[in-house]
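Sequential numbering of the sequence shown, starting at 1, is according to the numbering used here.
Beneath this line is the structure, given in structure tokens, with notes to follow.
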Amino acid sequence: MKKFLIAVGFIFMFGGVVYAEEPDVAATGAILTEAGTGRVLWGKNEHEPLAMASTTKIMTAILALESGRQDEIVTVSKRAAVAPKVKMHLSAGEKVRLGDLMLALMLESSNDAAVAIAEHLSGSVEEFCAEMTAKAREIGALNTVFETPNGLDAGDHHSTAYDLAQITRYALNVPGFIELTNTPHTFFHSDRRSYSFHNRNRLLQEFEGANGVKTGFTNKAGHCFVGAAKRDDMQLISVVLASGWGAQGKARKWVDTKRVLNFGFDNFEFVTVVHGETMAGTTAVSRSRTPTMDFIFEETVKIPLGAHEKDSVYVEVYVPETLPAPIAAGEIIGCARVFIGTDFYAEIPIAATADAARHDFKTSVEKILNEWLGLVTNDVANVVLPEF
């Protein structure tokens with residue numbers, strides 16, 4: 001196997017690399033990720049297990065949306081009706097459309113709505129929470145356990161900033177999720193009364209490009225927020241857990257979130273480090289009249305990079321030193337690996353650019369014999385000589 005090293009160099013203004021100052025946040029755990037690539041751009045104790053309060057409801061909404069049962073009518077149980085505040089004050093036996101409960105869940109964080117949704121979809125809160133935890137594992141949030149569908153403190157209920165970013169990254173691609181979390185206000189009826197809700201996510205009005213997601217607070221978790229914002233082609237996700245308690249903590253979670261998101265938009269941009277369908281190199285070809293073969297990158301790789309990272313990106317190309325014919329155009333013959341410093345980022349396929357027919361003594365004799373036999377009869381199968 002032959003390895004080529006391709007350095008991806010960049011020229012900086014002012015003669016040097018600029019290192020951005022990291023965001024100053026009060027949160028115990030925090031993270032900034034780019035949603036499209038999943039790349040972590042910054043973190044603070046991002047893998048530390050912490051209570052996450054009503055940011056839990058992001059997963060509740062995911063399961064409800066993916067159920068496809070939004071038009072079903074939910075009959076509220078006594079357990080749902082007695083859920084503590086924040087609540088929409090459902091009453092036992094009340095009938096409400098599931099999709100309307102989801103609006104109450106995400107706009108005003110109604111705890112009774114979360115219990116009603118869980119019981120309707122899975123038969124019990126406990127079974128629903130087991131499904132939430134299983135879904136987290138599927139997404140890649142491996143350090144998350146759901147004990148409640150609403151985020152109230154119970155048992156081993158916890159997550160991490162990293163896991164919540166993974167869950168939110170998934171959620172943003174669930175049809176209807178962004179529309180749900182961005183609904184400014186709603187009005188609907190149950191069989192007993194009318195409800196009116198307004199979205200409590202201040203980020204939607206206070207930050208350019210904001211498009212989510214969920215606030216939360218419990219005595220154990222403190223003030224938490226999972227935020228999202230998109231500008232041009234960059235979709236960022238921020239998570240701040242335990243930004244503080246009381247009025248100061250309530251205000252600080254917004255400050256923390258804006259600082260994290262501003263750090264991302266101010267200091268990172270997408271850089272194309274590999275262009276698909278462009279030359280990656282040349283290698284030798286054996287048993288063919290074609291002595292060499294060009295090969296290309298099959299895919300484009302764009303990475304959100306900070307200025308301090310751009311000169312550390314390089315690409316390693318792995319192809320055989322000699323390729324035996326036959327080779328077909330488009331055939332995958334190797335791979336390219338992209339690194340940011342010492343960190344592996346992605347692997348993409350390398351493809352041949354043209355056909356290279358096999359041409360050696362054996363194939364030449366077979367061709368001559370088959371052409372001669374073809375003149376004699378059309379009933380004789382092609383001759384294939386044994387290897388020698």
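The C-beta atom is built at its ideal place from N, Cα and C for all residues, glycine as well.
Going by DSSP, D100 is part of no beta strand (DSSP E) but of the alpha helix (DSSP H) stretching over L98 to L107. For G209, the three-state secondary structure derived from DSSP is coil. A straight-line Cα-Cα distance of about 20 Å links L32 and K250. Counting every other CB atom within 10 Å of its CB across the protein chains shown gives A280 a total of 16 or more, marking it as buried. 8 Å or more divides the Cβ of I167 from the Cβ of A210.
Apart from the 5 residues on each side of it in sequence, N150 sits with its Cβ closer than 6 Å to the Cβ of N111 and A114 in its chain, given in chain order. Remark: C-beta atoms of K230 and V271 do not approach each other more closely than 8 Å. The straight-line gap separating the alpha-carbon atoms of F217 and H223 is approximately 5 Å. Scanning the segment 203-263 from its first residue to its last, the whole beta strand (DSSP E) runs of 3-plus residues come out as 210-218, 222-231 and 234-241. Contact annotation: the segment 191-200 does not touch the segment 237-250, with fewer than three C-beta pairs closer than 8 Å. In the structure shown, K87 adopts coil according to DSSP, grouped into three states. Per the DSSP secondary-structure output, G341 pairs with nothing in a beta bridge. Counting C-beta pairs with one atom in each stretch, the segment 178-186 and the segment 73-89 have fewer than three that are closer than 8 Å, which means they do not touch.
A81 and V274 have their C-alpha atoms spaced approximately 56 Å apart. Beta-bridge partners of D294 (DSSP): T282.
For F146, no beta strand (DSSP E) segment is defined, and its DSSP state is neither H nor E. Under the three-state reduction of DSSP output, S196 falls in the strand class. DSSP, reduced to helix, strand and coil, places S67 within a helical segment of the structure shown. With 16 or more other Cβ atoms from the protein chains shown falling within 10 Å of its own Cβ, L107 counts as buried.
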